[in-house]
Every structure is written in structure tokens, then in C-alpha cells.
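Beneath this line is the structure, given in C-alpha cells, with notes to follow.
In the numbering used here, the protein residues as written are 21 to 294.
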């Protein structure tokens, strides 16, 4: 069969094929060739169909910080104080705002993470009776666990904020009831700390004070010591079950692992001052 038969019409006569122009991109060498057409600009859709791009906040704290009614506002100009209180601390509802600020610990964008951490620490320090902290404690556990998990995933600044928050929780109030109340939640809070204790050469700051850096392993060990010291008789067995490498506070004092200051006494033993 002849190849020219493809160009024949129904009557058997050869018909001329019409070469359609080739569409090529603009501003190229092919645009100067014969039988070519350049691509035109893309048609713009109507303004009604175009949806604005919105950046979704990672945490509930970042979504609410700075809005009307929120007692805390981020300050971009302050160096040592990344935020400012809009209402007195005595008027703040701990049940509502402590879980929100705990969730903001894992916020990576500035200055929300440091703002949430410093605001949370101010509230924990101000409650001298620990009554309001105890009421909000069950709703703070899961946000604190998420912050510890984020810190264990190499976000060390978030981990430092979470560990310091856990330390301040143990010492919240003058009666020491918060330390006892944390013992049932060890199974949720302590598993991420196994990752912290294995990194001995990592230093990081908390985002609040850029000049002070903390060793991750040392800060984790200090947190465990405080949990045992404030958790009562059952604290050590629960910590040892979840973190097998942890040693008793008496053994740690003999090895000069310090929280605060460790001083020698007359009978060649060591005492721990918190």
C-alpha cells in the first residue's frame, strides 16, 4: 500500500493537507519560525472566584494572642520582655488561659513561643496557694506532652521551654500540692524525656533569654530530680519504671549532680538545697 494513499479523499483523489500553526512559548527562537503561533497570556479569573491565602495558626495561642479580650499581647520591640499584660494577673481565669499558654509552648514563630512561656511562668509564680493551678492541671497535661514531643524531635528550644515549665509546675504554690498531683500523669509526661537524657552535647536557649543556654541532658536530669523531690514516696518508683537510667536523688548528690547548691556537712554527706 502506498504511503500517499493516506492523503486521498473518499473519491480517490489526492487532497491537500492544511498545516495548522504550531503553538510555541513566547520569547524563544521557535517564535521566529514559519507557521508558528506564540502562546498568549493566561486569562485571569474573576475576582469573586479567587480565594485569599490565609496562614493557619499552628496553636490556639497564636490564633488568640493580640485579639480583643485576650489578656496578653505580643511585643515585637521588647528584647527582655516579649509581651505585655493587658489586665492584672489577679483577674485572669487560670482554668481558661493556663491550657492555652501551655499549648503555645510549641509555637515556632516569634515571638509567640517566648510570649506563651513567659506568661505561663508568671501565672505559675503568682499563684501562691496552688489552688487555681490544681484546677487547671488536668487540661495542661496534653498540651505539655505535645510540647515535650516537639522538643524531642530536635526542636530543642521548645524542649527547653517545656522542661522549665515542668520544673515551675513542681514548685508552684507554697504547700507543694502540685508536685504530688503530677505523679498520676508521669506516664504521659515522662516517656519523651528518654530522648532528652541521651543527648549530652546539645545546648539551646528557651527563646525568652537568648543569652542563657541550657544543656539538654542536664536540664532533663534536674527536672527529674525536682519531680522526685516534690512527688513524695511514690515518685521514685514511677520515674524509675518509665526512665530506667534514672538514679535516686541520694546517689545523684554523691555524684555532685546539683540543683541549686550542694554543700558538704560535717559527717561527710551531702545535702540538697532547692
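Backbone N, C-alpha and C define an ideal beta-carbon position, used for all residues, glycine too.
In chain order, what residues of the same chain lie with their CB nearer than 7 Å to the CB of residue i, ignoring the 5 residues before and after it?
i	result
residue 288	Low confidence applies here, because residue 288 scores a pLDDT of 34, under 50, leaving its location unreliable; read the following figure in that light. Closer than 7 Å at the Cβ level, and outside the excluded window around residue 288, lies no residue.
residue 72	Residue confidence for residue 72 is low, a pLDDT of 48 falling below 50, so the modelled location carries little weight and cannot support an answer.
residue 248	255, 256, 259 and 269
residue 81	120, 121, 123, 124, 127, 132 and 136
residue 50	44 and 56
residue 219	236 and 237
residue 139	92, 103 and 121
Rounded to whole angstroms, what's the CA-CA distance from residue i to residue j? Just pull it up for me.
i	j	result
residue 40	residue 62	22 Å
residue 183	residue 88	31 Å
residue 261	residue 106	44 Å
residue 121	residue 84	10 Å
residue 251	residue 206	10 Å
residue 136	residue 186	14 Å
residue 165	residue 240	14 Å
residue 171	residue 90	27 Å
residue 155	residue 214	28 Å
residue 168	residue 232	20 Å
residue 21	residue 60	For residue 21, the pLDDT reaches just 48, beneath the cut-off of 50, and the residue's location in the model is therefore unreliable, leaving the point undetermined.
residue 253	residue 264	17 Å
residue 234	residue 108	31 Å
residue 142	residue 157	16 Å
residue 42	residue 78	49 Å
residue 146	residue 217	31 Å
residue 211	residue 111	35 Å
residue 266	residue 208	17 Å
residue 117	residue 47	59 Å
residue 202	residue 163	14 Å
residue 173	residue 52	56 Å
residue 204	residue 221	31 Å
residue 115	residue 161	13 Å
Name, in chain order, the residues that DSSP records as bridge partners for residue i.
i	result
residue 44	58
residue 205	Looking at the DSSP assignment, residue 205 forms no beta bridge with any residue, so it has no partner.
residue 223	235
In the DSSP assignment, find the alpha helix (DSSP H) that holds residue i and state where it starts and stops.
i	result
residue 146	132-146
residue 160	151-172
residue 115	114-123
residue 243	236-251
residue 187	176-190
residue 83	80-84
residue 257	255-262
residue 213	213-216
Just reading off the beta strand (DSSP E) that residue i is part of, what are its end residues?
i	result
residue 103	103-105
residue 93	92-94
Given residue i, which residues of its chain have a CB within under 6 Å of its CB, disregarding the five upstream and five downstream residues?
i	result
residue 199	190, 250 and 251
residue 177	224 and 227
residue 144	188 and 192
residue 68	Since pLDDT at residue 68 reaches only 49, below the 50 mark, its modelled position is unreliable, and the value read off the structure follows with that caveat. Cβ within range, chain order: n/a, list empty.
residue 180	224, 226 and 234
residue 159	119
residue 153	147, 192 and 198
Who are the Cβ neighbours of residue i in its own chain at under 8 Å, not counting the five residues just before and after it?
i	result
residue 195	149 and 150
residue 94	85, 86, 102, 103, 131, 132 and 135
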